[in-house]
Amino acid sequence: MIDYSEQTCIACNKIFTEQDDIVVCPECGTPYHRDCYHAVGHCINDALHQSGGSWQVEMHHQQEEEKKALHQAEMEQQAAQRARDGMTDVSKAPMYDGFRMNNDPCLGLDPNEQMDGVTVKEMTSFIATNRFYYLPIFRMMKITGKKISFNLTCLFFPQFYFANRKMWAMTLLSILLQFVIAVPSSLLVISEQMGIAFDWLNTQSTVFHMIVNVTSIVDLAFSMICCLFGNYFYYRFALKKIKSVKKETTPPEQLYVNLTEAGGTSVGNIVLAAVIQLALVFTFSLALFLL
């Protein structure tokens, strides 16, 4: 049975109630109060009669249009709120559980919740990308004091991870440590695979092979430390950087824009880190063959 409540009688322009005695036009289905229909003596919905349409179909289309208009208004309201909060580029926001993360930048957390001196909202703006991964981890670190989590990128390419997250101190430290750790193994490969002997170094000695084994263990240990503590290093970096940006930013409305610019990721930094690493290897190789 069709529910006509909240619909309007086109004869008297009054909304139907559950108690009303309602009749419908047998040709187009337009509803009337029984008294109204008897008063006019016929259906006055001429537009439907001329087009051969149906009142139910027309009402369905009208309801769908109203839903679309309401949805559009909600999206515009959310976009305006994001603009006020410094959140941009909604179309490129990551998907999580079937909805755009920019629909709720803080992932349901209280934007004003404190994380060691910064708010969740400030941390969200600084992280910018992949916050659905970092926010829960950072919050657990703050609540439990736990520092260990798993970061696969840091296991294999710590220097590029830190560079991408604009952590230049950790980037340069990683490049330098990886270079120093790899020197004994590189010398052994040059000696055995390329047949090049060094007058100043006995690569066949027991001591040298022991050094190679130790540096291999150190290399693995360094990778595991970066893997397990990489997120914590980023968390501490984010806290320090956010506090610095807050201290330097005078207009409050500019804060979230500055945080997004200071944080986020940078592909250019990854390229620069790779260039620095290659330059270091090239310089070492050139110096080695000139000795």
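With numbering that gives the first Met the number 0, letter number 56 in the sequence shown gets 55, and the count goes up by one each step, no holes. Where a beta carbon is used, it is the ideal one built from N, C-alpha and C, also for glycine. Remember, it's a predicted structure, so these values are computed and weren't measured experimentally.
Is the beta carbon of Leu176 closer than 8 angstroms to that of Phe221? yes
Query raised in the report: Among Glu121, Tyr234 and Ser215, which has the Cα closest to the Cα of Leu254?
Result: Glu121
Q. Near Lys141, what residues of its chain come up, given a Cβ to Cβ distance below 7 angstroms and the 5 sequence neighbours on each side ignored?
A. Met114 and Asp115
Notebook entry, point to check: What is the DSSP secondary structure of Ile180, counted as helix, strand or coil?
Noted result: helix
Leaving aside the five residues before and after Met223 along the sequence, list all residues of the same chain whose C-beta is less than 8 angstroms from its C-beta, in chain order. Leu154
Would you kindly check if the distance between the Cβ of Val119 and the Cβ of Leu108 is under 8 angstroms?
-> yes
Notebook entry, point to check: What does a CB cutoff of less than 6 angstroms around Val244 pick up in its chain, not counting 5 residues either side in sequence?
Noted result: Asn257, Leu258 and Ala261
Exercise. Quick one: any contact between the region 155-162 and the region 269-276, if contact means 3 or more CB pairs under 8 angstroms?
Worked result: yes
Identity of the residue in Phe232, Leu219 and Leu187 nearest Val206 by Cα = Leu187
*asked:* Taking the alpha helix (DSSP H) that Tyr255 belongs to, which residues open and close that run?
replied: Leu254 to Ala261
Next on the checklist: Suppose the cutoff is 7 angstroms on Cβ atoms and the five residues either side in sequence are ignored; what does the same chain contact list for Met309 look like?
Outcome noted: This structure cannot speak to residue 309, because the chain is shown only from 0 to 290.
Report the option in Asp19, Arg33, Ile189 and Asp2 whose CA atom is closest to the CA atom of Met58. Asp2
Exercise. Straight-line CA distance for Gln18 to Tyr31?
Worked result: 13 angstroms
Comparing C-alpha positions only, which one of Leu279, Lys240 and Leu227 sits nearest to Phe149?
Leu227
request  = Take the Cβ of Phe288 as the centre, count every other Cβ of all protein chains shown within 10 Å, and call the residue buried at 16 or more, exposed below.
outcome  = exposed
From the DSSP output, in three-state form, read off Thr143 for me. helix
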